[in-house]
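**Q** Okay, so the sequence shown: first residue is 198 according to my numbering, each after it adds one.
For each residue, glycine too, the CB sits at the ideal point set by N, CA and C.
No experiment lies behind these values; they were computed from the predicted model shown.
Here it is: the structure, laid out below.
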Amino acid sequence: MALSRPTASLQLDGASPFGGPLDAAQAALLRLTVVLSVDEAHDWVELQLWRDSLLAEASPGAKLVVGLGEADSTEDVLTVEVAGCDVSAWGAVLTGYAPSRRLSSTFVGRAYVDSSVADVVSDLLGEGGVDAGTLDSGLNLPSFHVDPRRSAWATLHDLARLSGCQISTGADGSLSFTPVPGASAGGGLGAAAASVASAVGLGGTDELREGAELLSFRIGPRQPITAVAVQSPIAVPAGLLLAEPDSGSGAPVDVLPSARTPELADAATSTRDAAARRRTRRGRISVPGRPGLRAGSTVTARDGDFRVLEVRHVLDSVTGYRCDLLLEGDQ
Numbered sequence: 198m199a200l201s202r203p204t205a206s207l208q209l210d211g212a213s214p215f216g217g218p219l220d221a222a223q224a225a226l227l228r229l230t231v232v233l234s235v236d237e238a239h240d241w242v243e244l245q246l247w248r249d250s251l252l253a254e255a256s257p258g259a260k261l262v263v264g265l266g267e268a269d270s271t272e273d274v275l276t277v278e279v280a281g282c283d284v285s286a287w288g289a290v291l292t293g294y295a296p297s298r299r300l301s302s303t304f305v306g307r308a309y310v311d312s313s314v315a316d317v318v319s320d321l322l323g324e325g326g327v328d329a330g331t332l333d334s335g336l337n338l339p340s341f342h343v344d345p346r347r348s349a350w351a352t353l354h355d356l357a358r359l360s361g362c363q364i365s366t367g368a369d370g371s372l373s374f375t376p377v378p379g380a381s382a383g384g385g386l387g388a389a390a391a392s393v394a395s396a397v398g399l400g401g402t403d404e405l406r407e408g409a410e411l412l413s414f415r416i417g418p419r420q421p422i423t424a425v426a427v428q429s430p431i432a433v434p435a436g437l438l439l440a441e442p443d444s445g446s447g448a449p450v451d452v453l454p455s456a457r458t459p460e461l462a463d464a465a466t467s468t469r470d471a472a473a474r475r476r477t478r479r480g481r482i483s484v485p486g487r488p489g490l491r492a493g494s495t496v497t498a499r500d501g502d503f504r505v506l507e508v509r510h511v512l513d514s515v516t517g518y519r520c521d522l523l524l525e526g527d528q
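See the structure below:
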């Protein structure tokens, strides 16, 4: 069995004196952290560098491609734009964010009629200058308005919650809008996890095992949450609710303007139910470093199927290369 020698691949805009990407030693890298998630935080990179690192002079806005893996084989994990590089007594700290960060400062007003969710997403990405990855949503919107007072990033997440999709960033910095695993398939996450651990080098019927792939774990149930049903504003019951807000003691409903048809309201309600079920089980695990691990994928651990909410890739001289995962899954 060969000894693992994890390293990084760091390619900054401009020519490299080594004729290509820098590895950890060439970049004088002390610690590298890459965080990928499917929540409203943007994916980011932090490099802690020793003094006189070739990356310490990186200019804000420069493109940085970060890869991880073994010394003879690295895989790109994330492409970011440098936000800044701060000098300290012992070296420097470089921080970069995925291109999706531009969407947080993009404000546009739009009105769509009979358009798909994918069309709206593609338009908003174009406004923010962000490359589109996989845009997969068959949901059609009879009418949809983009509020110019809210950022394009916030609108994208509203659409994701409405359509049962997740937003993730690819290794090349492109943004994907795809269905949440198990959100529409029968069997929930269990059905979605048939291709479970391809990212960590496991077969579809294998799992992350204690003492092998699982370095540490903390998994347990959470209190069930009741999802609030969505009501279309053009349905008859919605009009009654709006006219008489105090007219009953039944279950609460959310009259959602973007759900213009009963079918859209039913789809949004099903999406909320699935999200509530996934929140009933949470976990945090650590596994040996795998550059293919990404947020939004599925893994199996401790006889349970989980959706990955966040992956934190960490490379340093103390623990080597590891991945810390935040998980959610059905009971």
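(1) With H, G and I counted as helix, E and B as strand and the rest as coil, what does DSSP make of A456?
(2) Based on Cα-Cα distance, which residue from S206, V235, Y518 and D210 lies nearest to I364?
(3) Where does R346 land, buried or exposed, given buried means 16+ other C-beta within 10 angstroms?
(4) Near G367, which residues of its chain fall below 7 Å by C-beta distance, leaving aside the five closest residues on each side in sequence?
(5) With DSSP run on the structure shown, which of helix, strand or coil describes L200?
(6) May I ask you to list the residues that DSSP assigns as paired with H510?
(7) Could you say which of D311, G325 and L322 lies nearest to P339 if we only look at CA atoms?
(8) At what residue ranges does the segment 318-377 contain a whole run of the beta strand (DSSP E), taking only runs of 3 or more?
(9) For Q245, which residues from the same chain have a beta carbon less than 6 Å from its beta carbon, with the 5 sequence-adjacent residues on both sides left out?
(10) By the 10 Å Cβ neighbour count, where 16 or more other Cβ atoms means buried, how is D283 classified, buried or exposed?
(11) Beta-carbon within less than 6 Å of L522's beta-carbon, same chain only, minus the 5 sequence neighbours each way: which residues are those?
(12) Report yes if the CB atom of V242 is closer than 8 Å to the CB atom of L261, and no otherwise.
(13) Of the choices V314, A464, P459 and Q428, whose alpha-carbon is the least far from that of A448?
(14) Please classify E410 as buried or exposed, where buried requires at least 16 other C-beta atoms within 10 Å of its C-beta.
(15) Express the C-alpha separation of R457 and S514 in angstroms, rounding to a whole number.
(16) Go ahead and pull the three-state DSSP assignment for R499.
(17) Using only the alpha-carbon positions, how far apart do S206 and S270 sit?
(18) Compare the C-alpha of C362 against each of L300, Y518 and A465 and name the closest.
(19) Got a sec? Which residues, its chain only, sit under 8 Å from V397 by beta carbon, not counting five neighbours each side?
**A** In short, the structure shows the following:
(1) coil
(2) V235
(3) exposed
(4) G330 and S373
(5) coil
(6) For H510, which the question treats as bridged, DSSP gives the partners V231 and C520.
(7) D311
(8) 329-332, 337-343, 362-366 and 372-376
(9) L227, R228 and V290
(10) exposed
(11) Excluding positions up to five away in sequence, the list reads I482, V505 and V508.
(12) yes
(13) Measuring from the Cα of A448, the nearest candidate turns out to be Q428.
(14) buried
(15) 55 Å
(16) coil
(17) 10 Å
(18) A465
(19) Any reading at V397 is ruled out, since the residue's pLDDT is 40, under 50, leaving its predicted position unreliable.
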